[in-house]
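From first to last, the protein sequence lines are chains U and W. Counting with this note's numbering, you get residues 14 to 212 for the letters of the first sequence. Counting with this note's numbering, you get residues 14 to 212 for the letters of the second sequence.
Number of protein chains: 2
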Amino acid sequence: MKFSPLVDELIKSLQCLPGVGPRSAQRMTFQLLERDRAAGHKLGQALSEAMADVGHCQRCRTFTEQTLCPVCDNPKRARSGQICVVESPADVLAIETSGQYDGRYFVLMGHLSPLDGLGPDEIGLDRLEQLLQDEAPQELILATNPTVEGDATAQYIADMCRESSIRVSRIAHGVPVGGELEYVDGTTLALSLSGRREL
Amino acid sequence: MKFSPLVDELIKSLQCLPGVGPRSAQRMTFQLLERDRAAGHKLGQALSEAMADVGHCQRCRTFTEQTLCPVCDNPKRARSGQICVVESPADVLAIETSGQYDGRYFVLMGHLSPLDGLGPDEIGLDRLEQLLQDEAPQELILATNPTVEGDATAQYIADMCRESSIRVSRIAHGVPVGGELEYVDGTTLALSLSGRREL
């Protein structure tokens with residue numbers, strides 16, 4: 014025996030969300046049906062609208078329902094002549110929250126991963142190359158994740174720009190602020206030492 | 014800075030789900046937009062349909078989009094003359110999965126909780142009283158949760174039936190199968206001892 018068809022369908026559909034299994038899907042379904050149908054309605058609508066209308070920014074590839082995202086659409090952001098390359102829109106938000114960057118972005122929407130069929134074209138490097146020619150920025154800041162794939166992607170982009178006059182930099186890796194040396198892993202400490210700066 | 018309006022709206026709406034905070038909502042949004050728009054579309058539709066069409070079974074109060082749920086609609090389930098009272102539709106599924114019960118159900122959709130404004134009428138006890146008169150079952154099995162509120166609710170229903178000739182029983186509480194005595198709490202062990210049966 015199962016629940017009624019519509020309830021079953023909702024429980025099954027909710028499991029497309031990352032981290033949601035049959036149990037949590039059931040709990041979510043009952044919570045919405047019992048306590049908050051208005052919120053459920055709103056969520057349904059928000060989902061349908063976002064899935065239908067959200068596309069990619071023509072310049073930086075982040076998610077937006079306009080042709081250009083708010084950052085690319087802001088002429089002030091072009092002044093610094095910097096482009097920061099990140100893996101995902103969430104990384105853009107993280108950097109914006111730091112308040113230390115006023116240039117533009119380029120969002121790869123992933124990283125190089127040949128085994129998964131993600132080559133240079135899939136992460137938009139052809140588009141990035143075109144952008145570098147068109148905008149001729151002064152600096153390209155590589156802010157991909159400090160993982161094997163992220164590092165490889167950064168290296169690939171750096172190699173790509175070797176011929177041009179663009180300054181290519183990689184964000185610093187080291188001990189995070191507020192952390193304790195005792196609990197930092199060896200690789201991070203090694204990077205932190207090799208990347209030391211004079212005071 | 015935030016994401017674009019539709020993306021923001023989706024991230025905010027997802028937080029109506031129990032256990033979903035801003036971070037998971039963001040991860041869910043990006044996962045759906047990047048990898049699985051079809052599933053997102055389907056989820057949006059399932060939500061809208063369920064919120065609009067799912068109501069309560071006229072007889073047992075569980076969730077269904079029909080007048081009667083499949084269990085109440087099945088004449089075979091009336092034969093045993095038993096009604097099992099549970100707190101939620103998930104409990105119905107749990108009991109059905111055990112395969113040991115072929116009677117009907119009555120779903121309270123909660124438990125007595127005067128402080129939250131949940132009195133006898135809110136959990137449908139007026140409806141249950143009517144049902145007991147109409148169907149005159151042989152046995153009423155109280156399978157509310159073994160919590161303070163669940164026990165109080167069971168006691169209240171038992172008192173309600175004192176005048177009638179219906180046999181009222183409570184499911185057994187004790188050591189769960191596969192558990193180890195060493196790790197079972199004192200109250201459960203005490204109940205398990207006081208509820209012992211001759212072999």
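By construction, the Cβ of each residue, glycine as well, lies at the ideal position given by its N, Cα and C atoms.
In the DSSP assignment, the alpha helix (DSSP H) including residue i goes from what residue to what residue?
| i | result |
| --- | --- |
| Ser61/U | Arg50 to Asp66 |
| Cys73/U | Counting along the chain, Cys73/U falls outside any alpha helix (DSSP H), and DSSP gives it neither H nor E. |
| Arg140/W | Leu138 to Glu148 |
| Val20/U | Pro18 to Leu27 |
Quick one, which of the options has its alpha-carbon nearest residue i's?
| i | options | result |
| --- | --- | --- |
| Thr42/W | Val84/U, Met64/U, Glu109/U and Asp21/U | Met64/U |
| Ala103/W | Asn158/W, Gly192/W, Ala38/W and Asp198/W | Asn158/W |
| Leu81/W | Ala38/W, Arg92/W and Gly68/W | Gly68/W |
| Cys29/U | Leu202/W, Leu45/W and Glu162/W | Leu45/W |
| Ala171/W | Pro133/W, Val190/W, Phe16/W and Gly191/W | Pro133/W |
| Asp66/W | Cys73/W, Arg72/W and Gln58/W | Gln58/W |
| Ser26/U | Asp21/W, His54/W and Gly34/W | His54/W |
| Gly163/U | Ala149/U, Phe16/U and Val98/U | Val98/U |
| Leu19/U | Cys85/W, Ile24/W, Val161/W and Gln79/W | Gln79/W |
| Glu176/U | Gln113/U, Glu142/U and Thr200/U | Glu142/U |
| Glu47/U | Gly199/W, Glu100/W and Gly192/W | Glu100/W |
Considering only residues of the same chain and omitting the five flanking positions on each side of residue i, which have a CB-CB separation below 8 Å?
| i | result |
| --- | --- |
| Glu135/U | Gly123 |
| Ser205/U | His186, Gly187, Val188 and Val197 |
When DSSP labels each residue in this structure, what does residue i get in the three-state scheme?
| i | result |
| --- | --- |
| Glu176/W | coil |
| Arg209/W | coil |
| Ile184/W | coil |
| Cys82/U | coil |
| Tyr118/U | strand |
| Ser111/W | helix |
| Leu30/U | coil |
| Pro162/U | What sits at residue 162/U in the sequence shown is Glu, not Pro. Glu162/U falls in the helix class under three-state DSSP. |
| Arg215/W | As displayed, chain W neither begins before 14 nor continues past 212, which places residue 215/W out of reach and without an answer. |
| Gly191/U | coil |
| Asp104/U | helix |
Considering only DSSP beta bridges, list what residue i is partnered with.
| i | result |
| --- | --- |
| Ser37/W | DSSP, once it has assigned bridges, lists no residue as partnering Ser37/W. |
| Ser126/W | Leu131/W |
Between which residues of its own chain and residue i is the CB-CB distance below 6 Å, once the five residues before and five after are set aside?
| i | result |
| --- | --- |
| Val197/U | Val188 |
| Ala167/U | Leu155, Thr157 and Arg183 |
The ligand GTP and residue i: does the residue's C-beta get closer than 7 Å to at least one heavy atom of that ligand?
| i | result |
| --- | --- |
| Glu176/U | The ligand GTP is not part of this structure, which contains no ligands at all. |
Along the beta strand (DSSP E) that carries residue i, what are the first and last residues, could you check?
| i | result |
| --- | --- |
| Gln95/U | Gln95 to Val99 |
| Glu152/U | Glu152 to Leu155 |
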